[in-house]
Each structure stands twice: as C-alpha cells, then as structure tokens.
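Visitor: Dropping a structure here in structure tokens format, bear with me for questions.
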Amino acid sequence: MARVIHIRDRRGTPDEVYIGRAGHGHDGYFGNPIRVGQVCQECGSIHQDRGDTIPCYESYVRSRMECDPMFRSKVKGLRGKTLVCFCKPNPCHGDILAKIAEE
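The sequence shown lines up with residues 94 to 196 when you count with our numbering.
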C-alpha cells in the first residue's frame with residue numbers, strides 16, 4: 094500500500110518516489126500545482142492553507158488522468174511505493190496520490 098513520509102525520513106530505498114514541487118534536484122512531476130494564497134485553477138478561489146488545496150488537487154489529478162494516459166500510468170505506478178514530500182505530517186497532496194494509486 095502506498096504511504097507518504099516527510100523527506101527527512103527517507104532512507105534512499107528504490108521504492109521511494111519524490112512527489113514534491115520542483116527543486117532540490119527533482120523535477121516536481123507530482124508536485125501540487127495549487128498554491129496557497131493564489132487563485133486556484135480548479136475552483137477559482139484563493140486557498141488560505143495547505144489543507145484547503147487537497148480537494149482541488151484530487152479533482153486536478155482525476156481530471157488529468159482522464160485525458161493524459163502517461164500521467165495516469167505514472168500515478169498508478171505509485172501503487173505500493175513510499176511517497177516522499179515536505180508536507181508530512183501536515184495535510185499533504187501525497188495522501189491523494191496514494192489513495193488514487195491504490196484504487
């Protein structure tokens with residue numbers, strides 16, 4: 094089952110996948126494009142905290158999976174992986190990726 098951990102808890106194992114935004118030597122492919130304090134591309138509102146972005150991120154992922162077969166394949170490829178992000182233990186878009194990967 095996919096799970097999400099904070100980047101400081103990573104162990105460098107082959108099952109770990111970075112899911113944060115671009116930077117730190119990573120491309121940010123799975124990073125949450127919905128930013129706190131900016132107009133949300135999914136709902137048009139301005140989210141005040143990270144947790145508020147999570148439902149919109151789920152909508153974004155599900156919509157993108159419908160029209161982007163490569164993205165769908167990569168999300169499904171997260172099944173059983175350890176997802177690494179800076180958010181945890183706070184609300185994290187990785188929880189959505191883990192849930193959808195396991196569906």
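Think of the CB as a built atom: it goes at the ideal place given N, C-alpha and C, for glycine as much as any other residue. All values derive from a computational prediction rather than experimental measurement.
1) What's the call for GLY187, buried or exposed, on a 16-neighbour Cβ count within 10 Å?
2) Closest to ASP108 by CA distance: which of ASP161, GLU195, THR175, HIS140 is it?
3) Mark ALA115 as exposed unless 16 or more other C-beta atoms lie within 10 angstroms of its C-beta, in which case mark it buried.
4) Which two residues bound the contiguous beta strand (DSSP E) that contains CYS178?
5) In chain order, what residues of the same chain have a beta carbon less than 8 Å from the beta carbon of VAL110, not counting five sequence neighbours either side?
Guide: Let me lay it out:
1) Sequence index remark: in the sequence shown, residue 187 carries index 94 (1-based). GLY187 comes out buried.
2) Residue numbering aside, residue 108 sits at position 15 when the sequence shown is read from its first letter. The candidate whose alpha carbon is nearest that of ASP108 is THR175.
3) Locating residue 115 in the sequence shown gives position 22, where the first residue counts as 1. Label assigned to ALA115: exposed.
4) Looking up residue 178 in the sequence shown gives position 85. That run of the beta strand (DSSP E) goes 175-178.
5) Your numbering for residue 110 matches position 17 in the sequence shown. For VAL110, where only same-chain residues beyond five positions count, the Cβ hits under 8 Å are PHE123, LEU171, LYS174, THR175, LEU176, VAL177.
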